[in-house]
Amino acid sequence: MNKRIFTLMAAAMLVGAPMSNLAFASSPLIAVAADATGDETTREYTTASLANGLKFILKNSSNQYLKAVEVEDTDYYTTTTKTTTDASEAAVFEIRNYSNKTFTLWVDGNQVVVKGAGGAYSASDKDDKVTVFLAKKSNNEVTDKTNFAKICTSVLGSDGKDVFTGTAYTRVASTDAGTLNDNLAGNGFSFQFPDAKVSPEKNPFGNQMIAIEASATSTAVGGSPAEGLYFVLANEAGKKLLSEAGAETPNNEKIKAAFNAATFVVVNPLANFGITGFDKNNAEGQDFTTVKGEKLASKNVKKDGKIAYTNAVYTVSEQDELNGAGEYTIKMKALIKDDDATATGKEVYVGVYDLLGGGLKSYVTTKSESTNLSLAQTAGNNYVKAADLLKTSDVALYNIYFMGEKPAENANETELNNNWSGKYLVNKYGTSFTSDAVAPADVDLKSALAQWYVTKVEAKGLVEFKNLETAETISCKLYTTDKAGIYKAVISDLSDKKGIEVVKLVPSKGIDAFLTLTDAQMKQGAELIFNGTGNVTVKEVYMKKDKNDKFVPTSDSDDSYTWKFEKSSSAKQEIEYAYLEKSEVKAKKVDTLAVQSYFLVSTKNGKKFGLQEESEESSVYKLVEVGESTELTPFVFKKYADGHYAMIAVEDGFEYADDIQQADIEGLYVDNSSTDAKFATEKIGDEKEYSHITVSFLDLGESLEATPRHATLDSDEGAISFKADKNGILEGIIAAEGLTFWLDTADSKADMPAFYISKGIATEETPETKAAEPAALRNFLYFAQDSAEFWNEDKAAYDEDKNYFLAGTKDVKAIFRPAALVGVDTIKTSVNNQTVLVSKEAEEDVCLAGVENFKFYITKAGNGYKVVPAAAQDKFLYNLNGKLGFTSAEDHALIVTVGAGDPTSNESIDNAASSIAVIAGNGTVTVQGAAGQNVKIVTVLGKVVADETVVSDNATIAAPAGIVFVTVGDETVRVAVK
């Protein structure tokens, strides 16, 4: 078997890579003999002892290799009459549980079983099975050596039955340059001889080397051999030769120049150790040296210092691949005389010879036979091991992040897209599943499309990952580095991509692949938001019910229909993953992704809706009420890698693999290709403009009590305050001492009340009369999304004002905007130096829309509260380097405590529609402008001290000293009574 693995990729990795030299231990080679038929791919085991871990293949008298087959519906293998002439297809048997000449057999990590009569086992045979075996010679003598002729069942009180008839063999693997070079993440290799009884004083192969295929240089370097391997020192010149020889379009002049500059390890025709019994004329006992490539020629020329090419060319093989992997037999054809160019040299082995059986001295030298030579082993490797990646029982699930070489600063768009450094590996839907790389800001790491589980970890760092959602496979070779979780990588499946030569495996922090709602969530109201992608005029489209009771797309969020959910059928995905059990890689099946489908339920009338095609000829869909005779499909909400959902109609009683795991599956989107937008379905991989859906729940949790109040907003990070930046914008900040704000209820009777958060602005002017007093001008906390991103009429595109983003982010600043509350849902402010009214809905020549940007939910979070914009319920107030902004990362939300604040002695009821004033005095509270209204005064302990209808516009009511709450009508203010 020829091991031609990742040769060109290893060549690329070598260039510019540091050298390393790690220790590696291997078991001694088991004695083998050449195959009698001349087959060079296998060797027969001779008299090795049977032992735990011994592996072999079986060859019968017809020169056929035996196979074993999996037993359906079990984890077993059993015997079969099938055979093969290809040793690589033969069953590899492993001995385990060896004791007193009996043992169990395993193939591919699964136990071999047979029926009691010795025949093939099937699941229906149940307990009629034998799992213990012994080996016999041809004369039926039980043996504990590999010189057996058959394997039989071992049954107490019985002679047992023949199961496998054949002789034990191993496989031979010829080794190419790529296999050697990738030992240390493509950094080359060196040879040591650990089985030598005495370490040689000189090891010409002990320096870091690179293997070069002779065939890659033979054309450029006339007269050089076309087969075998050169060993060159792994310096810059050696790496240059590897790069030129492995170029996609080789340049013979460059190859020759690199060849001449490289340093080669060669047999020295002029130096012989003179070992007794060695035949110098057959090139035995020779020493080695290093020379530049320019000194190599077609023959030895002593006077010119030339050495024949053949003295620099080697062949390398593993003569016992199954039990002696990594133990190399090195051969070559050495010329020691000034022979002509047609001479082929003498065939010799290279290894360590110990004088007098060891104990005196040893040499790295040449010998006509391999007997009494210690074989070479690579001096180290940093292949990833199963223990580096796998868990002991659970799924090893990762996000794969690329950390390779970044694109050049002047890279064009194609080069940028082709470089995946700094991005996460994801799978995408389309005509077929495809791999892609996505920037961290655009990926939800809990999405199953961004998660990969390990299915295999094999020899020499070979690892297989599967995507958690699509089951698409990525195979690679990984090498450890000095940083945990970061690996050098050779990914042949992605060989056309750049920046993937280093990966970071980030352990999964949870799976959020499909919308799965709790009972409480299903009772909450939610709206479906269809998010525009690309250069769209309208960024969000909603679902509304028109006057004909038909659900149609709308860009007006106020018309958005509110839904609840009702569960329909569900399905699960089964995966088979690799795990570690007592240092052995095993496989286990488990259900992972839970997929729940739902019907939509109207929050207005409780009616249930599903999806129905308007006609068989169209892809236009409508939501239809589910009746007794109406067969409608429920939905699943599948999460895209970016965190939005695809809304997919499924049949009731669907199955994951058949109905969900399809590359061309269709999802609901808004078709705006004509004048009248409509809902339709299309392949979710087509990434239609309005196919990425947000399920936005309106209930944010427990709210701060809907009572107007003065309050400070403090946190562990500091207190909320504000100051003007260089552009005059009042930006929210974290300060050592905070301000006292007025929290006014915007809609106190709502299920989730919102608040205006403001700070009064001191003025020196006093109105002549009460009627002339304007609405109080205050600085209001404002969600400035419309200032940060806005439609530019001149450009006919969305534009940005970076002054409204937190530095280095796309997170909108929290700012304070001078404004006056002139109605319960109307604010007067200034836009572009023009005084305007802002309300819930725009009205031409009257007011603008956007009052929701002034409103905030204050919801319970642990021992404090989160501040959430009413206009963007997926955003949270947070602190970044002392500046306040709004983030979509809820775990970064600033948790504030609502303190008592410092009330003033004279504070108006903060409702611009009112002219009522409350004045605290010594043991009294005076209420002005409230004739005919009810006034209620409550202490901080909840004691009602007054509850009466006042008849005067200047009513004075007795009250205890301290903080009291004065309610006039629906409005409440807190004052301090002296």
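With numbering that gives the first Met the number 0 applied, the sequence shown corresponds to residues 0 to 977, in that order. Heads up, the beta-carbon is just placed ideally off N, CA and C, and yes, glycines get one too.
Quiz prompt | Cβ contact check for the segment 708-723 and the segment 670-690: 3 or more pairs under 8 angstroms | solution = Segments in contact, no.
Quiz item: Considering only the beta carbon of each residue, do L638 and D443 sit closer than 8 angstroms?
Solution: Just to set this straight, residue 638 is Lys in the shown sequence, not Leu. Yes; because the gap between Cβ atoms is below 8 angstroms, this pair is in contact.
Quiz item: Taking just the CA atoms, how far does S367 sit from G276?
Solution: Taking the straight line from one Cα to the other gives about 12 angstroms.
Practice problem: Have a look at K422 and T130 and give me their C-alpha separation to the nearest angstrom. | Solution: A straight-line Cα-Cα distance of about 50 angstroms links K422 and T130.
Practice problem: Compute the Euclidean distance between the alpha carbons of G666 and A512, then round it to the nearest angstrom. | Solution: Cα-Cα distance, rounded: 15 angstroms.
Quiz item: By DSSP, does G863 sit in helix, in strand, or in coil?
Solution: Three-state result, G863: strand.
Quiz prompt | Reference N281; option with closest CA among T288, E293, P268 and A172 | solution = The closest CA to that of N281, considering only T288, E293, P268 and A172, is found on P268.
Quiz prompt | CA-to-CA distance, P439 to S392, given in whole angstroms | solution = The alpha-carbon atoms of S392 and P439 are separated by roughly 30 angstroms.
Quiz item: Does any C-beta atom of chain C lie closer than 8 angstroms to the C-beta of N862?
Solution: Among the protein chains of the structure shown there is no chain C, as only one such chain exists.
Quiz item: By the 10 Å Cβ neighbour count, where 16 or more other Cβ atoms means buried, how is P868 classified, buried or exposed?
Solution: With at least 16 other beta carbons inside 10 angstroms of its own, P868 counts as buried.
Exercise. Report the residue from G245, V231 and V300 whose alpha carbon sits nearest the alpha carbon of V290.
Key: Minimum Cα distance to V290 is reached at V231.
Quiz item: Nearest to Y560 by alpha carbon, out of A172, L527, Q660 and K977?
Solution: Looking at the Cα atoms, L527 is the closest of the given residues.
Quiz item: In the DSSP assignment, what are the bridge partners of M646?
Solution: Secondary-structure assignment with DSSP links M646 through a beta bridge to F636.
Quiz prompt | Same chain only: Cβ atoms within 7 angstroms of I499, ignoring 5 sequence neighbours per side | solution = Excluding positions up to five away in sequence, the list reads F401, G403, W419, A488, I490 and L493.
Quiz item: Hey, S554 and V537: beta-carbon distance below 8 angstroms or not?
Solution: The Cβ atoms of S554 and V537 sit closer than 8 angstroms to each other.
Quiz item: Quick one: complete beta strand (DSSP E) runs, 3+ long, within the segment 891-962?
Solution: If only complete runs of 3 or more residues are kept, the segment 891-962 shows the beta strand (DSSP E) at 895-898, 905-907, 916-919, 923-927, 933-938, 943-948 and 953-957, in order along the chain.
Quiz item: From Y75, L467, K496 and M208, pick the residue whose C-alpha is nearest to that of Q660; which is it?
Solution: The alpha carbon of Q660 has as its nearest neighbour, out of Y75, L467, K496 and M208, the alpha carbon of L467.
Quiz item: Can you tell which of A888, V949, A806 and G941 has its C-alpha closest to the C-alpha of G881?
Solution: Looking at the Cα atoms, A806 is the closest of the given residues.
Quiz item: Just how far apart, CA to CA, sit G304 and K384?
Solution: Between G304 and K384, the alpha-carbon positions lie close to 46 angstroms from each other.
Quiz item: Among residues of its own chain, excluding the 5 on either side of N938, which ones have a beta-carbon nearer than 6 angstroms to its beta-carbon?
Solution: For the sequence presented, residue 938 should be read as Thr rather than Asn. These residues qualify, in order along the chain: V963.
Quiz item: At what residues does the alpha helix (DSSP H) containing G237 begin and finish?
Solution: G237 -> alpha helix (DSSP H) spans E235 to A244.
Self-check item: Per-residue DSSP class, three states only, for L269
Solution: DSSP places L269 in strand when its eight states are reduced to three.
Quiz item: What number of angstroms, rounded off, separates the C-alpha of S214 from the C-alpha of T262?
Solution: CA-CA distance, S214 to T262, rounds to 18 angstroms.
Quiz item: Of all the alpha helix (DSSP H) runs that stay within the bounds of the segment 437-522, which reach a length of 4 or more residues?
Solution: Segments of the alpha helix (DSSP H) lying fully in the segment 437-522: 518-521.
Practice problem: Rank G221, V265 and F272 by C-alpha distance to the C-alpha of A256 and give the top, closest one. | Solution: Per the Cα distances, G221.
Self-check item: Given 8 angstroms, three or more beta-carbon pairs between the segment 113-120 and the segment 587-601
Solution: No: fewer than three Cβ pairs fall under 8 angstroms.
Quiz item: Which runs of the beta strand (DSSP E) spanning at least 3 residues fall entirely within the segment 327-386, listed in chain order?
Solution: The qualifying runs are 345-353, 361-366 and 375-377.
Exercise. Report yes if the C-beta distance between I936 and V965 is below 8 angstroms; otherwise report no.
Key: Taking 8 angstroms as the Cβ cut-off, I936 and V965 qualify as a contacting pair.
Quiz prompt | Span separating the alpha-carbon of A122 from that of N109 | solution = Roughly 15 angstroms separates the two Cα atoms.
Quiz item: What span of residues does the beta strand (DSSP E) with E404 cover, start to end?
Solution: E404: not part of any beta strand (DSSP E); DSSP gives it neither H nor E.
Self-check item: In DSSP terms, what I814 is bridged to
Solution: E730 and Y781, per the DSSP bridge assignment.
Quiz item: Anyone know if the C-beta pair for V197 and S361 falls short of 8 angstroms?
Solution: It is a contact, given that the beta carbons lie within the stated cut-off.
Practice problem: Could you please give the first and the last residue of the uninterrupted beta strand (DSSP E) stretch that includes K422? | Solution: Counting along the chain, no beta strand (DSSP E) covers K422, and no H or E run does either.
Quiz prompt | Own chain residues within Cβ distance below 8 angstroms of L104, not counting five before or after | solution = Around L104: F92, E93, I94, R95, Q110, V111, F132 and I150.
Quiz item: What does DSSP give as the partner residues of E573 in its beta bridges?
Solution: E573 is bridged to D590.
Quiz item: Whose C-alpha, out of D743, I732, F789 and T174, is nearest the C-alpha of A813?
Solution: Checked all of D743, I732, F789 and T174; the closest Cα to A813 is I732.
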